[in-house]
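Residue numbers (our numbering): 12 to 320. Glycine residues also receive a C-beta, built at the ideal position from the N, C-alpha and C atoms.
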Ligand code: SF4
Ligand code: SF4
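Laid out in structure tokens, this is it:
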């Protein structure tokens, strides 16, 4: 059975990636399950989606605990325990990272028992600028090549089937980018192998640690402090940052600050200021700013600019 987990952040299209890959497997003659799993559902929060596929009926249920392929859309999730990227990895697992750093660098960094591949899926390598909008299809294209049992034409049919609700031009763009990712990964075609069945009879009970029972009043956390959400620095979720162009800004801070879901825009001296520790990069403020005073800057470009200052 193929067991594939897509990890990304809310809004990056991992649910779409799993749908496209699942449909492609189905059209190629497989039985399929595909499902997303959200935690606190917010744009930018870690999420994953998984696909199971095999020629026979699938009797396994629940999340994939031992993946054959882990495709990570956002490398900043790797060190985050809550994202669970490395959960259940085995020698046969393949980790594919969308990253500007190469596989050898990641191999040194991670205690990963299987194979690691890395490529900048939305960078210049694919020669298709503006790839972020089509990231779900791009990741599905890369994964389809890695499993090696999905032909190009089936991948394209799956994209059409999953995107019936969008315009023909958008479908065409998705196909172009998915195909570019597929072809870029073809040298690794078939690197992801089908895993064997997991028998309930072979299930080993975890070594449970007995914790003494306490009444809820003692054992459940009680948070009495106010404004504790400030301690969660959601700025680490950001891939793109809003930057206010002060010469265009009209000072109507109540507009952008009201729409910001994380209260990351505050007024100081009658002007809006963005708290980048808490701005998660959803870009709602940019959409709402009627003066077009907010622009989008990729996070790595902003970081490089900060370093050179
Ligand atoms: S909504 Fe736009 S113009 Fe108004 S304060 Fe915010 S950034 Fe400036
Ligand atoms: S400042 Fe803008 S981009 Fe950042 S969280 Fe608020 S609305 Fe989203």
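Which of helix, strand or coil DSSP assigns to residue i
| i | result |
| --- | --- |
| residue 306 | strand |
| residue 188 | helix |
| residue 16 | strand |
| residue 10 | It is not possible to answer for residue 10, since the shown part of the chain is limited to 12 through 320. |
| residue 62 | strand |
| residue 72 | coil |
| residue 220 | coil |
| residue 135 | Note that residue 135 has pLDDT 46, beneath the 50 cutoff, so the model's placement of it is unreliable and the number below is only indicative. Here residue 135 sits in helix by DSSP. |
| residue 255 | strand |
| residue 210 | coil |
| residue 140 | Reliability of the predicted coordinates at residue 140 is poor, the pLDDT of 49 falling under 50, and the value obtained from them is presented with this limitation in mind. Three-state result, residue 140: coil. |
Boundaries (first-last residue) of the beta strand (DSSP E) holding residue i
| i | result |
| --- | --- |
| residue 42 | 42-49 |
Residue from the options whose Cα sits closest to the Cα of residue i
| i | options | result |
| --- | --- | --- |
| residue 96 | 71, 17 and 62 | 17 |
| residue 92 | 124, 58 and 78 | 58 |
| residue 252 | 145, 279, 158 and 295 | 295 |
| residue 103 | 54, 81 and 155 | 81 |
| residue 290 | 56, 33, 27 and 28 | 56 |
| residue 337 | 199, 197, 185 and 72 | An answer regarding residue 337 cannot be provided, because it is not within the stretch 12 to 320 covered by the chain. |
| residue 267 | 246, 293, 64 and 130 | 293 |
| residue 145 | 230, 108, 277 and 28 | 28 |
| residue 239 | 273, 224, 265 and 229 | 273 |
| residue 107 | 83, 26, 99 and 120 | 83 |
| residue 313 | 302, 287, 34 and 299 | 287 |
| residue 202 | 166, 105, 150 and 213 | 105 |
| residue 62 | 15, 88 and 35 | 15 |
| residue 127 | 100, 54 and 147 | 100 |
| residue 193 | 226, 185 and 153 | 153 |
| residue 77 | 250, 229, 125 and 254 | 125 |
| residue 64 | 245, 45 and 54 | 45 |
| residue 282 | 94, 255 and 89 | 255 |
| residue 172 | 31, 316, 75 and 129 | 31 |
Chain B contact for residue i (CB, 9 Å cutoff)
| i | result |
| --- | --- |
| residue 302 | The structure shown contains no chain B, having only a single protein chain. |
Residue i - containing alpha helix (DSSP H), residue span
| i | result |
| --- | --- |
| residue 163 | 163-173 |
| residue 35 | 25-38 |
| residue 148 | 146-158 |
| residue 177 | Premise fails: residue 177 is in no alpha helix (DSSP H) and is neither H nor E. |
| residue 228 | 227-230 |
- If you pair each beta-carbon of the region 221-239 with each one of the region 35-46, do three or more pairs fall below 8 Å? no
Using 8 Å as the threshold, is the region 160-176 in touch with the region 101-118, meaning 3 or more CB pairs across them? no
Residue ranges of each beta strand (DSSP E) within the region 261-304, 3 or longer: 276-279 and 282-285
Complete runs of the alpha helix (DSSP H) confined to the region 79-121 [at least 4 residues]: 114-120
Stretch pair the region 213-231 + the region 176-184: three plus CB contacts closer than 8 Å
no
* To do: Mind the definition here: the region 68-79 touches the region 185-199 only if three or more C-beta pairs lie below 8 Å; say whether that holds.
  => no
Specify whether the region 203-217 and the region 259-268 touch according to this definition: at least 3 beta carbon pairs, one from each stretch, less than 8 Å apart. no
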